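Data first, discussion second: the structure below is written as structure tokens.
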Amino acid sequence: MPRPSPETLAFLSSRRSRPAKTLGPPIPAREALLPLLQIALRSPDHGKLEPWRLIVLERAALQRLGRLAAVRGDALGREPADIEKQGSHFSNAHLAVAVIACPVPSEKIPRIEQTLSAGAVCMQLLNAALAAGWGANWLSGWASHDSGFAAEGLGLDEGEWIAGLIHIGTESSAPPERPRPDPERAITWMTE
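Each residue of the sequence shown is one higher than the one before, starting from 887 at the first, in our numbering.
Here's what the structure looks like:
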């Protein structure tokens, strides 16, 4: 017989990300962040390959990454407004966790399953931070998909990539609720 958790269901049915630009100090201290990181690592992982790792980015590291985004954006020929927007995601942040996808060679577990596992880590961390009372947002952007930025900025090896940047902090203003998907359009029931 199922043993429901109404509080958890209520949280999941109303959870929403907080815009990263509204997140500031205070941020969780290491002892408050560590349990959230451990929750994130309890994500589905077919084959127990652990095809992901986490890099905690504190303020100075984020500001360095903001400067690097400007350099990489110029080198890639990005538009100035696009460079500014991407750079500000880093330079204005106080704490973010980079979820790094690092697929493991496997004959049994396809790369796509490992990629989905990295995405699950992102979502699990996002929900853990929100459930703990912090504001949180999962961002990416062109810099996250640039191998030069990943290698120079985060020391990623070839074949590794940024699955997501989870920004965590104290929310300064609550955004209005946004429209949600229509279940009638998004759900198909197959009975045979």
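Ideal Cβ positions, reconstructed from N, Cα and C, are used throughout, including at glycine. Since we're looking at a predicted model, the values are computed, not measured.
Annotation: P1065 to R901 spans about 13 Å, alpha carbon to alpha carbon. Under the 8 Å Cβ criterion, the stretch 916-927 counts as touching the stretch 1000-1011, having at least three qualifying pairs. Three or more beta-carbon pairs drawn from the stretch 971-988 and the stretch 902-911 are found closer than 8 Å, and the two stretches are therefore classed as touching.
Around the Cβ of I1073, a 10 Å sphere holds fewer than 16 other Cβ atoms; the residue is exposed. Here DSSP, grouped into helix, strand and coil, assigns L1025 to strand. By the neighbour-count definition (other C-beta atoms within 10 Å, threshold 16), R964 is a buried residue.
For E999, the enclosing alpha helix (DSSP H) covers residues R997 to A1017. Straight through space, the alpha carbons of K994 and A1022 are spaced by roughly 34 Å.
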